[in-house]
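What follows is a short report on a single structure.
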Amino acid sequence: MVLPSLLFFTDPARVADPEAVAMRLPAGSGVVFRTFGAADAPEQGQRLRTITRERGLVLLVGADIALAGTLQADGVHLPERLRGEAMNLRRSWPEALITVAAHTRAAVEAASVPEVDALVVSPVFASNSPSAGTPLGLDGLETLVRATDKPVYALGGLRPDTVDGMEKTGIVGLAAVEALASQNA
């Protein structure tokens with residue numbers, strides 16, 4: 484599977500209408516559907532699956548392997564704390580696209596295993612995410628990109644005024660939450 488060049492991460496606290504965002508994504512993009520325990524996750528996931536199929540977008544489900552199977556998603560995004568699940572996931576679902584979050588060099592190195600297709604490194608810049616740590620900046624991002632042979636996505640605080648210079652870091656693509664929610668994104 485070809486890696487998307489852009490990943491939209493859903494977040495119900497920060498993006499009210501993920502389906503509208505998915506409808507505006509450029510061809511070759513992907514959606515990472517994160518449920519955060521929502522009671523309507525299967526229904527919302529099915530709506531996103533329909534949109535992604537119709538538009539030729541990739542659908543990954545965050546952390547919920549069972550829901551990913553139910554939705555016939557293209558793969559799974561594992562948070563850093565679940566990166567150890569990649570081996571079993573690959574064994575049971577060989578064609579899945581598997582991405583893993585990484586926030587430190589140690590996490591990047593630990594997730595750089597054959598079963599993982601790509602890493603999502605964050606936060607690159609200051610972010611509105613309640614879980615965001617200290618921003619890496621471009622130099623920190625580039626250091627983590629060089630610490631792995633895996634393709635790396637940059638996530639966290641990405642806006643038009645912060646993406647200059649990203650292409651020089653060696654990333655495979657960008658990942659964003661709120662930056663893609665704007666009608667002007």
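So in the working numbering the end of the sequence shown lands on 668, straight run, no missing numbers. Heads up, the beta-carbon is just placed ideally off N, CA and C, and yes, glycines get one too.
Put residue i into one of helix, strand or coil per three-state DSSP.
| i | result |
| --- | --- |
| Gly520 | coil |
| Gly639 | coil |
| Ala569 | helix |
| Ile534 | helix |
| Leu627 | helix |
| Leu663 | helix |
| Leu508 | coil |
| Asp644 | coil |
| Ala499 | coil |
| Leu621 | helix |
| Met649 | helix |
| Pro597 | coil |
Just to confirm my understanding: we take residue i, look at its own chain, exclude 5 residues before and 5 after, and list those with CB closer than 8 Å. What are they?
| i | result |
| --- | --- |
| Arg629 | Gly653 |
| Ser512 | Pro487, Ser488, Leu489, Leu490, Phe491, Leu540 and Val541 |
| Gly620 | Val607 and Phe608 |
Would you list the residues sitting across from residue i in a DSSP beta bridge?
| i | result |
| --- | --- |
| His586 | Paired residue(s): none; His586 is not in a bridge. |
| Phe492 | Val515 |
| Val541 | Gly513 |
| Ile581 | Val559 |
| Ala658 | Leu490 and Leu638 |
| Leu602 | Val583 and Val635 |
Under 6 Å Cβ to Cβ from residue i, same chain only, skipping five residues before and after it: list those, please.
| i | result |
| --- | --- |
| Leu554 | Gly528 and Arg532 |
| Arg564 | none |
| Pro562 | Ala546 and Ala584 |
| Ala569 | Ile581, Glu598 and Val599 |
As a quick exercise: from the options, pick the residue whose alpha carbon is nearest that of residue i.
| i | options | result |
| --- | --- | --- |
| Gly656 | Arg642, Val603, Pro618 and Leu619 | Val603 |
| His586 | Val599, Leu490 and Pro618 | Pro618 |
| Ala505 | Val544, Val607, Val583 and Arg538 | Arg538 |
| Leu489 | Leu641, Leu572 and Gly648 | Leu641 |
| Arg588 | Leu627, Glu568 and Asp644 | Leu627 |
| Ala670 | Pro501, Ser512, Val541 and Gly511 | The structure shown does not extend to residue 670, since the chain is modelled only from 484 to 668, so the question has no answer here. |
| Phe516 | Ser605, Ala609, Asp622 and Val559 | Val559 |
| Met596 | Val607, Val583, Ala664 and Asp547 | Note that residue 596 is Val in the sequence shown here, rather than Met. Taking only the C-alpha atoms, the option nearest Val596 is Val583. |
| Gly552 | Arg507, Leu580, Thr645 and Ala658 | Leu580 |
| Ala662 | Thr493, Met484, Pro487 and Val485 | Thr493 |
| Thr535 | Leu621, Ala522 and Arg507 | Arg507 |
| Thr631 | Leu638, Asp600, Asp644 and Glu568 | Asp600 |
| Lys651 | Leu561, Glu625, Glu598 and Gly620 | Glu625 |
| Ser665 | Val485, Met484 and Ala499 | Ala499 |
| Asp622 | Glu578, Met649 and Asp644 | Met649 |
| Val635 | Gly567, Ala503, Ala549 and Ala594 | Ala594 |
| Met484 | Pro643, Pro577, Gly616 and Asp644 | Pro577 |
Since residue i and residue j should fall inside the 8 Å C-beta cutoff, what is the C-beta to C-beta distance between them, to a whole number of angstroms?
| i | j | result |
| --- | --- | --- |
| Val660 | Arg530 | No, Val660 and Arg530 are not in contact; Cβ-Cβ is about 18 Å, not under 8 Å. |
| Leu543 | Asp557 | 6 Å |
| Asp591 | Gly639 | The amino acid at residue 591 is misidentified as Asp; the sequence shows Val. Not really, about 15 Å apart at Cβ, beyond 8 Å. |
| Ala658 | Ala637 | 7 Å |
Within a Cβ cutoff of 7 Å, which residues of the same chain sit near residue i, ignoring the five residues on either side of it in sequence?
| i | result |
| --- | --- |
| Pro495 | Phe519 and Ala521 |
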